[in-house]
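K.L.:
In this note's numbering, the protein residues as written are 9 to 101.
Ideal placement from N, C-alpha and C gives every residue a C-beta, glycine not left out.
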Amino acid sequence: MNFRKIGALVAAVGTLFWLYTFYAIAHVPPGDGTGFQWLATFPLGAIFGLFFLPAWLLVALNRLPRLTTVIGLCGLIAFAVVWAQLLNEFPKR
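1) Measure how close the beta-carbons of glycine 15 and proline 73 come, nearest whole angstrom, since I'm counting them as under 8 Å.
2) I'd like the list of long-range same chain contacts for asparagine 70, defined as Cβ closer than 7 Å, with 5 residues on each side in sequence excluded.
3) Mind the definition here: the stretch 84-91 touches the stretch 36-43 only if three or more C-beta pairs lie below 8 Å; say whether that holds.
4) When DSSP labels each residue in this structure, what does arginine 71 get in the three-state scheme?
5) Starting from the Cα of leucine 94, find the closest Cα among Thr76, Leu47 and Leu65 and give me that residue.
6) State buried or exposed for leucine 24, treating a residue as buried only when at least 16 other CB atoms are found within 10 Å of its CB.
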């Protein structure tokens, strides 16, 4: 099993999901018009910075491929937990 490729795939999925969240938040109904839905980008950005930037760095350096995969999977789990909570908080259409 090539853990470097798996780590790169997991990091790519996490990065693409993080980019998708900006699109999804931009299409949230305005609610009260304050724009507070954009505060959701901070925890999502923190997850990206804590899990996926190090994963990309480790993939680029070809170091610790198993740890890179684990870090990326933990990041995907963190994204799932936070995104599920955010979906409950956003106003419904």
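P.N.:
Taking the coordinates as given:
1) So it is a contact: roughly 5 Å between Cβ atoms.
2) Counting only Cβ-Cβ distances below 7 Å, and skipping sequence neighbours, we find Arg12.
3) Result no; under three Cβ-Cβ pairs closer than 8 Å.
4) Arginine 71: coil per DSSP, three-state reduction.
5) Here the closest residue by C-alpha is Leu47.
6) It counts as exposed.
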